[in-house]
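S.K.: Here it is, the structure, as structure tokens.
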Amino acid sequence: MNYHPPASAVRAKAFLRWAGGKSWLVPRIEALFGSLSFARYHEPFLGGASFFFAVASGADALLSDKNEALIEVYECLKADPFRVIEYMLPLENTKECYYATRDARPTRDYERAAHFIYLNHTSFNGIYRVNLNGVYNVPYGYRTKPFLDEAALIAASRALRQATLRSCDFDETLGQVGPGDLVFIDPPYTVSHNNNGFIKYNKHLFALEDQHRLCKYIKSVRDAGANYIMTNAAHPIITEIFELGGRMVEVSRASLIGGRNASRGAVSEFLFTNLEIEKNDDPE
Numbered sequence: 004m005n006y007h008p009p010a011s012a013v014r015a016k017a018f019l020r021w022a023g024g025k026s027w028l029v030p031r032i033e034a035l036f037g038s039l040s041f042a043r044y045h046e047p048f049l050g051g052a053s054f055f056f057a058v059a060s061g062a063d064a065l066l067s068d069k070n071e072a073l074i075e076v077y078e079c080l081k082a083d084p085f086r087v088i089e090y091m092l093p094l095e096n097t098k099e100c101y102y103a104t105r106d107a108r109p110t111r112d113y114e115r116a117a118h119f120i121y122l123n124h125t126s127f128n129g130i131y132r133v134n135l136n137g138v139y140n141v142p143y144g145y146r147t148k149p150f151l152d153e154a155a156l157i158a159a160s161r162a163l164r165q166a167t168l169r170s171c172d173f174d175e176t177l178g179q180v181g182p183g184d185l186v187f188i189d190p191p192y193t194v195s196h197n198n199n200g201f202i203k204y205n206k207h208l209f210a211l212e213d214q215h216r217l218c219k220y221i222k223s224v225r226d227a228g229a230n231y232i233m234t235n236a237a238h239p240i241i242t243e244i245f246e247l248g249g250r251m252v253e254v255s256r257a258s259l260i261g262g263r264n265a266s267r268g269a270v271s272e273f274l275f276t277n278l279e280i281e282k283n284d285d286p287e
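Take our numbering: the final residue in the sequence shown is number 287, and no numbers are missing along the way.
Now the structure itself:
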């Protein structure tokens, strides 16, 4: 199979739909801190990587996540986006193709990466969810948008060239944090805020005990001479855990994920940081 890349290139951006994605946060960060500078960029809860693509594309970076399948997607895309695209080309946005792809168990890493991206864009709300056996079980989403953006995948590959990718727990990367580095921390939210309907799912991924571990991690980041920005739920328990040693700002966003038991609307989140806040302007 021969593939010919598109003639034009685009700026790198997140290519996955991801619950809790932080593209909305970028203008607020710019309003609060101005331009960000750092020796190396770290993101231990990578998810959709929207913040990385916005502020650290092409930079020396350590990007990690516990989701092995997700990290494999980034690794394949970094190494050869055209092979990923080739495996996506035969796929179709139909119910039959979706469930056939969801049930498939490919042995090739590039094919698995292609299936991951395809399922992400054609599933219900772009949710990543697996059952107790680790099998992806999200239903078909009946979306009409194209699931393949070749230029975006190629641009993302370029942005990842200097990045090191790891599948691991967040605190396993702590030894790589050094003076002048920036660590962006966006953990799964453990406690409910503004009727977030996905907390029932997230609490199995990131418990309150993990939030306390994260607090110790942040202290070690500060001790290493690095800067951090953390997002978390706007909830008194979170304030109690993270109130010492940094600054807290409340920001609002639109709720992008909703299901039968979740509402869509404005919700608040907390930013915790040891950076100096230049101003407290909300661009909206």
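A virtual CB, placed ideally from N, CA and C, is assigned to each residue, including glycine.
Quick one: Cα of N277 to Cα of Q179, how far?
M.R.: The residue you call residue 277 lines up with position 274 of the sequence shown. The residue you call residue 179 lines up with position 176 of the sequence shown. Their backbone Cα atoms lie some 19 angstroms apart in a straight line.
S.K.: Go through the stretch 212-248 residue by residue and report every complete run of the beta strand (DSSP E) that reaches 3 residues or more, in order.
M.R.: 230-236, all fully within the stretch 212-248.
S.K.: Near F36, what residues of its chain come up, given a Cβ to Cβ distance below 7 angstroms and the 5 sequence neighbours on each side ignored?
M.R.: Locating residue 36 in the sequence shown gives position 33, where the first residue counts as 1. Taken in chain order, the residues that qualify are L278, I280 and E281.
S.K.: Determine the DSSP secondary structure at T167, reduced to helix, strand or coil.
M.R.: Within the sequence shown, numbered from 1, the residue matching residue 167 stands at position 164. If DSSP states are grouped into helix, strand and coil, T167 belongs with the strands.
S.K.: Can the beta-carbon of Y192 be found closer than 8 angstroms to that of N235?
M.R.: As a working mapping, residue 192 is identified with position 189 in the sequence shown. As a working mapping, residue 235 is identified with position 232 in the sequence shown. Result yes, Cβ atoms of Y192 and N235 sit closer than 8 angstroms.
S.K.: State buried or exposed for A52, treating a residue as buried only when at least 16 other CB atoms are found within 10 Å of its CB.
M.R.: If you number the sequence shown from 1, residue 52 lands on position 49. Looking at its Cβ environment, which holds 16 or more other Cβ atoms inside 10 Å, A52 is buried.
S.K.: State the start and end residues of the unbroken beta strand (DSSP E) segment that holds A269.
M.R.: Numbered from its first residue, the sequence shown carries residue 269 at position 266. Residues A269 to T276.
S.K.: Hey, how far is the Cα of E46 from the Cα of F55?
M.R.: To locate residue 46, count along the sequence shown from 1; it is residue 43. To locate residue 55, count along the sequence shown from 1; it is residue 52. One C-alpha to the other measures close to 8 angstroms.
S.K.: Let me check understanding here. Comparing Cα to Cα, which of D63, A210, A158 and R216 lies closest to P84?
M.R.: Translated into the one-based positions of the sequence shown, residue 84 becomes position 81. Of D63, A210, A158 and R216, the residue nearest in Cα terms is A158.
S.K.: Round the Cβ separation of E71 and S223 to the nearest angstrom and send it over; I've been treating them as touching at under 8 angstroms.
M.R.: The count along the sequence shown starts at 1 and reaches residue 71 at position 68. The count along the sequence shown starts at 1 and reaches residue 223 at position 220. That belief does not hold up - the Cβ atoms of E71 and S223 are roughly 25 angstroms apart, past 8 angstroms.
S.K.: Roughly how many angstroms lie between the CA atoms of Y90 and V252, to the nearest whole one?
M.R.: The count along the sequence shown starts at 1 and reaches residue 90 at position 87. The count along the sequence shown starts at 1 and reaches residue 252 at position 249. Answer to the nearest angstrom: the Cα atoms are 44 angstroms apart.
S.K.: Residues in its own chain within less than 7 angstroms of N140 by CB, not counting five upstream and five downstream?
M.R.: Against the sequence shown, residue 140 aligns to sequence position 137. The answer, listed in chain order, is R132, V133 and N134.
S.K.: According to DSSP, simplified to helix, strand and coil, what is A22?
M.R.: For the purposes of this step, residue 22 is identified with residue 19 of the sequence shown, where counting begins at 1. Note: A22 maps to coil in three-state DSSP.
S.K.: Let me confirm a value: D68 is counted as buried when at least 16 other C-beta atoms fall within 10 Å, else exposed. Which label applies?
M.R.: Position 65 of the sequence shown holds residue 68. So D68 counts as buried.
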